[in-house]
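Okay, structure first, notes after.
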């Protein structure tokens, strides 16, 4: 592998870690191994409370990030019905509760059909969307009110994979295009059910050609790296020749 020339890899991002934090850890391990600071970027942010496929590009492959971000993604998510939070997930505590007695599996399945195709979606205010140069989440955390405009997003598939009528939870699988917020989708599903909803779990299972099955385990990245054949050209020229041979 030649990380200076450019590689595209994917890791399984852990729960409660930012995408930048995961990227920084991988960059540190790569740079330490190779003897130079590796240029690296990710192709699509995952929320800290989400797990799954995070595509990373190094070297000259960082030029492909914009194009990679347009690739179709798949998510699995669990929704708690009958309540909302400010962030539409468990980052914040419940701020409102709503009736749920009228909600049934059949009604959920019927409502989900409304969200297939091109839809208008307002991003979460607790997100990295920029407002006059500032991140929306930063403005919210500073106590400011934020109004975001709806944008057109594409949902190719959405299906109910599990439903618990007693707990009023619903699990869904979503295949969608760039810029779709599953947190906003949960909010809108709750509203369409004449109730509320927020995410209790979110996992990106696919991003383009990458799936969780062929991702590198974040906690075993060093082990994965040690097993790779590395190009001599990317190793520190100050390393002994014997050390370089160990990488071929």
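Residue numbers (full-length UniProt numbering): 1 to 248. For every residue, glycine included, the Cβ atom is placed at its ideal position computed from N, Cα and C. Treat the numbers as computed from the prediction; the structure is a model and nothing was measured.
Inter-stretch contact at 8 Å, needing at least 3 Cβ pairs: the region 71-78 / the region 199-215 = Contact between the region 71-78 and the region 199-215 is present, because at least three Cβ pairs lie under 8 Å.
Looking at the structure shown, is residue 130 part of a helix, part of a strand, or coil, going by DSSP?
-> DSSP, read as helix, strand or coil, puts residue 130 in strand.
Three-state class that DSSP yields for residue 103 in the structure shown = Residue state, collapsed to three classes: coil.
Are at least three pairs of beta-carbons, each pair with one atom in the region 16-27 and one in the region 153-171, less than 8 Å apart?
-> Taking 8 Å as the limit for Cβ pairs, the verdict is that the region 153-171 does not touch the region 16-27.
Measure the alpha-carbon distance for residue 157 versus residue 149 and round it to whole angstroms.
-> Roughly 24 Å separates the two Cα atoms.
With a threshold of 16 other CB atoms inside 10 Å of the CB of residue 36, please say whether the residue is buried or exposed.
-> The residue in question, residue 36, is exposed, as its Cβ has fewer than 16 Cβ neighbours within 10 Å.
Mind reading off the beta-carbon distance from residue 218 to residue 32? Whole number of angstroms is fine, and I expect it under 8 Å.
-> Rounded, the Cβ-Cβ distance is 16 Å, inconsistent with contact.
Identify which residue in 82, 116, 86 has its Cα closest to the Cα of residue 102.
-> The shortest CA-to-CA distance from residue 102 to any of 82, 116, 86 is the one to 82.
Specify the secondary structure class of residue 210 as computed by DSSP and reduced to three states.
-> Of the three classes helix, strand and coil, the one that applies to residue 210 here is strand, per DSSP.
Between the region 209-218 and the region 128-135, do three or more beta carbon pairs fall short of 8 Å?
-> With fewer than three CB-CB distances shorter than 8 Å, the region 209-218 does not count as touching the region 128-135.
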